[in-house]
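Scroll down for the structure; my scribbles are underneath it.
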Amino acid sequence: MRPVLLTVDDDLQVVQAIERDLRRQYGKRFRILKAGSGQKALGLVKQLKLRNEILALLLVDQRMPRMSGVELLEQSIDVFPEAKRVLLTAYADTEAAIRSINKAKIDYYLLKPWDPPEEHLYPVLDDLLDDWWASFKPPYEGIRVIGMRWSPRSYEVKHFLARHGIPYQWLDIESDEGRRLVSFVDSTSKGEEFGQNSVPYSNYNLLKNNTNSTASSSNSMPSPPPPLSSSLKLPLIIFPDGSYMDDPSDSGLAERIGLKTRAQMPFYDLIIIGAGPAGLAAAVYGASEGLSTLLIERQAPGGQAGMSSNIENYLGFPSGLTGSNLARRAVAQAIRFGVEILTPQEVIGGRIDGPYRIVQLRDGKEISCHALLIACGVSYRKLTNIKGIEELTGAGVYYGASMVEALASQDEDVYMIGGANSAGQAAVHFSKYSKKVTLVVRGDSLAKNMSYYLVNQISRTPNIHVLLNSKVVEVRGENRLQSIIILNTQTGERRIVDCSTLYIFIGAVPHTEALAGVVERDSNGFILTGQDLMQNERKLPRGWYLDRLPFLLETNVPGIFAAGDVRHGSTKRVATGVGEGSLAVQLIHQYLKSVK
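Dropping the structure here:
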């Protein structure tokens, strides 16, 4: 992206002449733009800012109606403070230009006429642009998200983008840059001239969907800013082309960034619910062996494993790999074999119609298939027994954590609940950024539920502290988390500690409610398969109509299979999920021989 040189003059012949001279000398390194008035120039400057382009130099005529060159340069300072500012003036205006040097921070003023440019224009601009290049830092060119750190919805949007591997830049609404961008978007949406309105900051409209929000990273609560006029709602997402969405729905944001939520066909050989390790493995093997395959994921590919900061015990990766990297590779492999992936999309129901298995989606559409694989995984259990937790979830209390969230905890104390691998991996990753990470563990040893290599890593990391025989019994805060109460289950001691961020990595809750009336589940909602269906001395599952027993990963409905963490009795490991997903495809092939 080339930086911009902008020339402004209300005289058409003059501005065209300047544009011609600038293009001839600087056209290869810079993009040359022109405007016929101060108002149009300010609108163009705002658009450049929203598109995250860079303005290197403003060359502006002093005498223009409605807005003088000095006024234009002065108002442009807040938008592009590093841009060089040159005033083009007649000899009669020289004294006014000199008086305005400090006010508008003018770098140079040029007298008309500037011919020949090789003597009067280029040497001056060459020197200014060389100086600008020396301090130039290329801008971030991707999506920008503006919101409040403690807003649940802002967190959800960041989490959504991170889980889908979409790079973004986070800007707090309390930062100068965040406020400026909201101001530009707001005034642009209203068709107003920049500079005529006060900068919208965090008014009642802006915050009406962020009631659990504040923006201080300390435990003291700042005074709320005065309400100012704005029609926008946070979080605000600005795209590289300058377009934006305020407080978008997940489906709207997904469509805007190019994710697919609608199936191309009404029927598939194989539909897979869930894009965790098991679902992705099944998709790759199914499609590579000729099955038309549809993969449906309600959140983001990778499942719980996709949030792991480093999986060190996965075969073939001696240095480990991140969960997001594993998910990205698997998705690319699946797409290469022709798998169709819908995300975010959710299955809310299912039914049987002869040889067809039919799933109903959140958007009301139905899709049928010959074979259905349930691999929708699990999520962390909601801790409803902790006082105050529901009010602060999303405002300092979070279930799970993506890798990028560690950056927000720079030099802070972070608390985590959990004693298994997910908590251990997160603690090790956060310890690289946080001042201190404290693991709150109900048991008396990490070794009971955590891999040996992680236990060793934690013991060797000086800023990770482990509280055994402990649990969090209460969380406190006004609009955001400020402190927690930890109970020692052996001594009964309670202590209050300052805490702004608490991550929870406990329990496994399967997402099987949508198929509760179709397949058999255990008391915790996990799906029964194979021999686990033969309970209470039954020889065949309830409703089974074939003259064979269910396959190892087959449910009580022929042609519906389950794999990975969602299956009763499964081992909760990434490699196990991949293995079960691969095995499920072989069993599905055996089943399809009887229906095709």
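In case it helps, my numbering puts the sequence shown at residues 690 to 1285. Where is the CB? At the ideal position from N, CA and C, for every residue including glycine.
- Restricting attention to beta strand (DSSP E) runs no shorter than 3 residues, the region 1051-1085 encloses them at 1055-1063, ordered along the chain.
- Excluding five sequence positions before and after E986, the CB atoms of its chain that fall closer than 6 Å to its own CB belong to A964 and T1032, given in chain order.
- Per DSSP, the beta-bridge partners of V1048 are G1039 and I1056.
- In this structure I1063 is buried. Its beta-carbon is surrounded by 16 or more other beta-carbon atoms within 10 angstroms.
- Beta-bridge annotation (DSSP): F1250 is paired with L1062 and E1243.
- Taking the CA atoms as reference points, S1120 sits about 24 Å from S840.
- A Cβ-Cβ distance of about 16 Å is found for the pair L739 and I862, leaving them out of contact under the 8 Å criterion.
- Note on geometry: alpha-carbon atoms of M753 and A1084 lie some 50 Å from one another.
- Cα atoms of Y1069 and G991: separation of roughly 15 Å, rounded to the nearest angstrom.
- With a cutoff of 9 Å on beta-carbon distance, L761 and V749 are scored as near each other.
- Under the three-state reduction of DSSP, L1176 is assigned to strand.
- In this chain, the alpha helix (DSSP H) harbouring K738 covers G727 to L739.
- Beta-bridge partners assigned by DSSP to F1119: none are found.
- By the neighbour-count definition (other C-beta atoms within 10 Å, threshold 16), Y1142 is an exposed residue.
- Counting of Cβ neighbours within 10 angstroms places A1136 among the exposed residues, the total staying below 16.
- Assignment of P1199 by DSSP, reduced to helix, strand and coil, places it in the strand class.
- With 16 or more other Cβ atoms inside 10 Å of its own Cβ, W859 counts as buried.
- Its Cα nearest to that of L1281, the residue H1059 stands out among A1264, M954 and H1059.
- Judged by their CB atoms, E1182 and G1077 are not nearer to each other than the 9 Å cut-off.
- Selection E866, M690 and R869 evaluated against E830 yields M690 as nearest (Cα-Cα).
- Residue nearest to D782 within the set E1101, P1199, A772 and Y798 is Y798 (criterion: CA-CA distance).
- For F956, the enclosing beta strand (DSSP E) begins and ends at F956 to I962.
- Cβ contact annotation for K1125 (same chain, cutoff 6 Å, sequence separation greater than five): D1102 and N1152, in chain order.
- Taking a cut-off of 8 Å for Cβ pairs, the region 1028-1045 and the region 1260-1273 do not touch, as fewer than three such pairs fall below it.
- The Cβ atoms of I1147 and A1116 lie closer than 9 Å to each other.
- Annotation note: the region 1107-1160 contains the following uninterrupted alpha helix (DSSP H) runs of length 4 or greater, listed N- to C-terminal: 1110-1119 and 1141-1149.
- In this structure, DSSP gives K792 a helical state, which the three-state scheme calls helix.
- Collapsing the DSSP output to three states places R852 in a helix.
- The C-alpha of D767 lies about 57 Å from the C-alpha of S1271.
- For the region 944-1022, the continuous beta strand (DSSP E) assignments of 3+ residues that do not extend past its boundaries occur at 956-962 and 982-985, in sequence order.
- Straight-line spacing of the CA atoms in D816 and W822 works out to 10 Å.
- Its Cα nearest to that of I1216, the residue I1249 stands out among G1232, I1249, K1228 and V1186.
- Nearest C-alpha to V759 among E742, V813 and A730: A730.
- G1270 is bridged by DSSP to nothing; it lacks a bridge partner.
- Only residues of its own chain outside the window of five on either side were considered, and among them G1108 have a CB closer than 6 Å to the CB of G1132, listed in chain order.
- The criterion of a C-beta distance shorter than 9 Å is not satisfied by A706 and L746.
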